[in-house]
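K.L.:
My questions will all concern the structure given below.
Written out as structure tokens, the structure is:
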């Protein structure tokens, strides 16, 4: 836009007081011109005093602020009259109304004021806190963004860093899709463009869609193996367009997806890696080409991909095999690899995830042993923690270990427990928690497992406690070491300075307190060394164990009582919580519904006979 020069400058220029170039620079900051400050927002120059070299600028957040002329170019961005920020300064109220009445038009006006293109972050900076209240922005933008995506006037970004662009020409949806595809910077961007197409909205324009199909097919043919993932995805998306258009001619001319697979599947490892990065629905289309390529041998090739696949690919390949009636082939293969201890981590994770369904015949203690072996090997190798997903599965799926060992031979479970307890791949706390879950299924292993775990028969047995009680003991020890013992030592030194220690009561008291504190410190350190924290997760409630709640009915009548069996430090008589090491806890452990027990109730002093009516998880 052209502006007439400010009258003050024209006068100085005519008198030869300033050069034309200086006059042009000064005219940008003349009264009536607009500017922007990062903290104060948009502003308008109200007046200037050239001899004093000062400007007075009315900012949105700092009205009538005086700025030194020499600093203005450094701290201000001077903007044209048609810039959005100038419009915002002059008529914020109309923009606020527009944000309610026609938000799409507000975005269009904003983009026009920035040269028809802005990143979402810049758009937010232009509107949030001025036109749109800051606390309303997210909800407003979520709604408007959906409206913009359905409006072909706007070219919306498909990934971070791309811009929202106002199209120069009015296009149909199919024409807009073709334009966006041809303008996309690379094959990844082209896949994102096709992902955003709504088929039902473009099918009414077969000419534009056919042009798009030809463009995609050209990229499929020329994409090469370096961009294999994108080539495969483009081929699938192209075939979707052809199918929606029912264009048999285009189907005949298109470069087949099967040919791409056949040309690249020789490198199974790389091909599986590529598939793992693809969306599940497109993976399935790739697997569907295997029977045509390999004939009756296709399941074997699918199993090779399964063994080499990542988390996403493994699940989809297994699903395809099962859907095609090859579930027995899959199970047989996995059993064989499990016996050989050659199953990769992702296959083991799939077995665990599907243990109640497709992998039910496979799931058991051998799976746990295989998982633990991989975790241990990875830990010994050092470097990146590649088996973290296996470790997390053990810790986060609180029923997995119980289900693995339920119904298994106790000798085999003991060996598994020994392997688990002796590994350094898990922290001491985690090992304790996992061991507690084993003992919840095999209570007798509290003795049997520990006998197998210790090298020295004199070594004391560990005790299982709740995380809360463990933290409480740790805090008590910390206070002893860092507060109480130093305070007592300080008091002892002061008393010693008073002389005549035999008659010094303060000194003698401090010595006695020192003995008590040190004894308690030794007790806590010993107890904490043996303690193993647990969350008491229990899935097998067929027998009473640590982490269960047991309902007892007195044999001679009366109200039923409920005992909760928890850790060594969790006893609470008022709540009928007993330690698994207490007499009541030991008597209840291992019993089933219908069994009778003879115990001294917590509110009595004589033994009574009870019948176990119900066993349930404590939490």
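Numbering (the working numbering), first residue to last: 39 to 657.
All C-beta atoms, glycine included, are put in the ideal place defined by N, C-alpha and C.
Using beta-carbon positions only, say whether residue 269 and residue 258 come within less than 8 Å of one another.
P.N.:
It is a contact, given that the beta carbons lie within the stated cut-off.
K.L.:
Between residue 106 and residue 91, how many whole angstroms is the CB-CB distance? I'm expecting something under 8 Å.
P.N.:
Sure, about 6 Å apart at Cβ, within 8 Å.
K.L.:
Taking Cβ positions, are residue 204 and residue 149 nearer each other than 8 Å?
P.N.:
Contact flag set, yes.
K.L.:
Kindly identify the DSSP beta-bridge partner or partners of residue 462.
P.N.:
According to DSSP, which records beta bridges pairwise, residue 462 is partnered with nothing at all.
K.L.:
Compute the beta-carbon to beta-carbon distance between residue 557 and residue 518, rounded to the nearest angstrom, for a pair I have assumed lies under 8 Å.
P.N.:
At roughly 11 Å, the Cβ-Cβ gap does not stay under 8 Å, so residue 557 and residue 518 are not in contact.
K.L.:
Give the DSSP-derived three-state secondary structure of residue 104 in the structure shown.
P.N.:
Residue 104 falls in the strand class under three-state DSSP.
K.L.:
Excluding the 5 residues flanking residue 623 on each side, which residues of the same chain have their C-beta closer than 7 Å to its C-beta?
P.N.:
These residues qualify, in order along the chain: 603, 616, 617.
K.L.:
DSSP has residue 591 in a bridge; who is on the other side?
P.N.:
649, per the DSSP bridge assignment.
K.L.:
Taking the alpha helix (DSSP H) that residue 87 falls in, what are its first and last residues?
P.N.:
It is not in any alpha helix (DSSP H) - residue 87 instead sits in the beta strand (DSSP E) that spans 79 to 87.
K.L.:
Using a Cβ-Cβ cutoff of less than 6 Å, which residues in the same chain neighbour residue 490 once the five nearest sequence positions on both sides are dropped?
P.N.:
Residue confidence is low: residue 490 scores 48 on pLDDT, short of 50, so the model does not pin down where it sits. Its coordinate-derived value is still stated next. 452, 456.
K.L.:
I'd like to check one pair, residue 144 with residue 133: are the Cβ atoms closer than 8 Å?
P.N.:
Going by C-beta atoms, residue 133 is nearer than 8 Å to residue 144.
K.L.:
Can you have a look at residue 638 and say buried or exposed, based on whether 16 or more other CB atoms are within 10 angstroms of its CB?
P.N.:
Its Cβ having fewer than 16 others within 10 Å, residue 638 is exposed.
K.L.:
Does the distance from the C-beta atom of residue 355 to that of residue 396 stay below 8 Å?
P.N.:
No; because the gap between Cβ atoms is not below 8 Å, this pair is not in contact.
K.L.:
For residue 328, name the three-state secondary structure that DSSP assigns.
P.N.:
In this structure, residue 328 counts as helix in the three-state DSSP scheme.
K.L.:
Which stretch, first to last residue, makes up the alpha helix (DSSP H) that contains residue 132?
P.N.:
Counting along the chain, the alpha helix (DSSP H) containing residue 132 begins and ends at 130 to 139.
K.L.:
Relative to the C-alpha of residue 183, which candidate in 167, 162, 209 has its C-alpha closest?
P.N.:
Out of 167, 162, 209, 162 has the C-alpha closest to the C-alpha of residue 183.
K.L.:
Three or more C-beta pairs under 8 Å: does that hold for the segment 379 to 389 against the segment 337 to 356?
P.N.:
Flag = yes, the segment 379 to 389 and the segment 337 to 356 touch.
K.L.:
State the DSSP-derived secondary structure class of residue 96, mapped to helix, strand or coil.
P.N.:
Strand.
K.L.:
Are the CB atoms of residue 254 and residue 186 within a distance shorter than 8 Å?
P.N.:
No, they are not a contact pair.
K.L.:
Counting only the same chain and skipping the five closest in sequence on each side, list residues whose C-beta sits under 6 Å from that of residue 99.
P.N.:
Around residue 99: 78, 79.
K.L.:
What does the Cβ neighbour count give for residue 109, buried or exposed, with the cut at 16 atoms within 10 Å?
P.N.:
Result: exposed.
K.L.:
Cα separation between residue 608 and residue 503?
P.N.:
Approximately 7 Å, taken between the alpha carbons.
K.L.:
How is residue 166 classed by DSSP in three states: helix, strand or coil?
P.N.:
Strand.
K.L.:
Quick check: the Cα distance between residue 575 and residue 525, rounded to an integer number of angstroms?
P.N.:
Cα-Cα distance, rounded: 41 Å.
K.L.:
Rank 88, 101, 656, 113 by C-alpha distance to the C-alpha of residue 75 and give the top, closest one.
P.N.:
It is 113 whose Cα lies nearest to the Cα of residue 75.
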